[in-house]
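Number of protein chains: 2
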Amino acid sequence: MKFCSHCGHTVAFEIPMGDDRPRHLCHDCGAIHYVNPRVIVGVVPYLGDQILLCKRAIEPRLGLWTLPAGFMENGESSEEGALRECWEEALARVRTDDLYCVYDIPHINQVYLIYRGELTDTDFGPGPESLEVELFHEDEIPWDDMAFPIMTETIQHYFADRKEGIFKLHRGVIERKL
Amino acid sequence: MKFCSHCGHTVAFEIPMGDDRPRHLCHDCGAIHYVNPRVIVGVVPYLGDQILLCKRAIEPRLGLWTLPAGFMENGESSEEGALRECWEEALARVRTDDLYCVYDIPHINQVYLIYRGELTDTDFGPGPESLEVELFHEDEIPWDDMAFPIMTETIQHYFADRKEGIFKLHRGVIERKL
Numbered sequence: 207m208k209f210c211s212h213c214g215h216t217v218a219f220e221i222p223m224g225d226d227r228p229r230h231l232c233h234d235c236g237a238i239h240y241v242n243p244r245v246i247v248g249v250v251p252y253l254g255d256q257i258l259l260c261k262r263a264i265e266p267r268l269g270l271w272t273l274p275a276g277f278m279e280n281g282e283s284s285e286e287g288a289l290r291e292c293w294e295e296a297l298a299r300v301r302t303d304d305l306y307c308v309y310d311i312p313h314i315n316q317v318y319l320i321y322r323g324e325l326t327d328t329d330f331g332p333g334p335e336s337l338e339v340e341l342f343h344e345d346e347i348p349w350d351d352m353a354f355p356i357m358t359e360t361i362q363h364y365f366a367d368r369k370e371g372i373f374k375l376h377r378g379v380i381e382r383k384l
Numbered sequence: 207m208k209f210c211s212h213c214g215h216t217v218a219f220e221i222p223m224g225d226d227r228p229r230h231l232c233h234d235c236g237a238i239h240y241v242n243p244r245v246i247v248g249v250v251p252y253l254g255d256q257i258l259l260c261k262r263a264i265e266p267r268l269g270l271w272t273l274p275a276g277f278m279e280n281g282e283s284s285e286e287g288a289l290r291e292c293w294e295e296a297l298a299r300v301r302t303d304d305l306y307c308v309y310d311i312p313h314i315n316q317v318y319l320i321y322r323g324e325l326t327d328t329d330f331g332p333g334p335e336s337l338e339v340e341l342f343h344e345d346e347i348p349w350d351d352m353a354f355p356i357m358t359e360t361i362q363h364y365f366a367d368r369k370e371g372i373f374k375l376h377r378g379v380i381e382r383k384l
């Protein structure tokens, strides 16, 4: 950030009075520009003992597989956002059961809220951000071609919980790989 | 938002190619400025059968009571953020038990992640954003002087769950009052 989005003046990056960390602030109009973590909402769409995955048509990780998920938008609830992403990426509709995973990824300033939801039918297909959309049994999951570790972990939890017969909320912090 | 924070040019507010909703975008440098929901992190600090509340020293709702909570910052996990807010607002330290409430407030673009945590000692007091910090038994809670409905609901859940002896995750969407 170089310019104030309110008045167009150059911004400084310094600690505002009464604060404890540097922010982009405008000495001309006084605006302080806070930058906060973003929420990614997603869903584990399942049907029987299969789950739905999308092969990414966009960067990052083009060509690799993931659960339908994306940035939460203003004006929607996290569950509405998860359903929207499932529709946009997989043209699929689900009935959500419950919030399933809450993950923090502090080094990239992201919070993940992932729901579990049963597909209402098998009428799905790739949206503009997907190359393919497919149902997978556990032993068919393309583990070596998964786009994001957080989604791999979510899917592992899903199949483990399914075997146990109890779906519990999973929570975790994904640290930067050293 | 009137000016591009990257290049200082005036921004337009229109639907970018391939998108489905208007964004602030710069026709000069091509930047699209996304605005997403913000996460508020907080904690229910308890000790025995009491909980800790803060009387707000700042607007909005100056002079009313709330749980320690505030905007999650970049670079921290939601749990770290909740502990930080508890320290900043109540000079109190807690050992967090678990994530307790996840609320969406779509009309103000906020997601709340509220933890439960036992105070490690009674060495607390008002931080710069609080006028008073006090422990309350259930029958002493200033219900009529609470700052935010979401915090009132969280506290009601807390005491109800405490009676039942089981703390479960609570989830909800707070709609705009009509």
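Sequence order for the protein chains is A and B.
Sequential numbering of the first sequence, starting at 207, is according to the numbering used here.
Sequential numbering of the second sequence, starting at 207, is according to the numbering used here.
Think of the CB as a built atom: it goes at the ideal place given N, C-alpha and C, for glycine as much as any other residue.
| Item | Value |
| --- | --- |
| Which of helix, strand or coil DSSP assigns to R322 (chain A) | strand |
| R244 (chain A) and I238 (chain A) closer than 7 Å at C-beta | no |
| Integer-rounded CB distance, given that R382 (chain B) should sit under 8 Å from H313 (chain B) | 4 Å |
| Spatial distance of V247 (chain A) from D345 (chain A) (CA atoms) | 26 Å |
| Distance CB(E335 (chain A))-CB(E295 (chain A)) smaller than 7 Å | yes |
| Candidates A:D226, A:W271, A:K261, A:S283: closest to T358 (chain A) by CA position | A:W271 |
| Interface flag, S211 (chain B) vs chain A, CB-CB below 7 Å | yes |
| Within 7 Å, strictly: CB atoms of L341 (chain B) and L258 (chain B) | yes |
| Exposure label - V300 (chain A); buried when at least 16 CB within 10 Å | buried |
| Reduced DSSP secondary structure (H/G/I, E/B, other) of R368 (chain B) | helix |
| Paired residues, beta bridge with E279 (chain A) - DSSP | Per DSSP, none; premise fails for E279 (chain A). |
| Buried or exposed by the 16-neighbour rule on C-beta atoms within 10 Å, applied to C235 (chain B) | exposed |
| Proximal residues of chain B, C-beta to C-beta of K208 (chain A) below 8 Å | S211, H212, C213, G214 |
| Which of helix, strand or coil DSSP assigns to E335 (chain B) | coil |
| Segment limits, beta strand (DSSP E) that includes R301 (chain B) | 300-311 |
| Any chain E beta carbon closer than 7 Å to F277 (chain B) | Given the protein chain composition of this structure (A and B), no chain E is represented. |
| Same chain only: Cβ atoms within 8 Å of Q256 (chain B), ignoring 5 sequence neighbours per side | L341, F342, H343 |
| The region 305-319 of chain A touching the region 372-379 of chain A, judged by at least three CB pairs closer than 8 Å | yes |
| CA nearest to the CA of I347 (chain A), picked from A:G331, A:P355, A:D225, A:I361 | A:I361 |
| P251 (chain A) - DSSP class collapsed to helix/strand/coil | strand |
| Sequence-distant residues of the same chain with beta carbon closer than 8 Å to Y306 (chain B), five excluded per side | V250, I320, Y321, R322, T360, H363, Y364, F373, L375, H376 |
| Residues near E291 (chain A) by beta carbon distance below 8 Å, same chain, minus five either side | V247, G248, V249, P274, A275, G276 |
| Under 7 Å by beta carbon: chain B residues contacting R244 (chain A) | N242 |
| Span separating the alpha-carbon of G281 (chain A) from that of P332 (chain B) | 34 Å |
| Coarse secondary structure for H363 (chain B), derived from DSSP in three states | helix |
| Residue span of the alpha helix (DSSP H) that contains A353 (chain B), given as start and end | Premise fails: A353 (chain B) is in no alpha helix (DSSP H) and is neither H nor E. |
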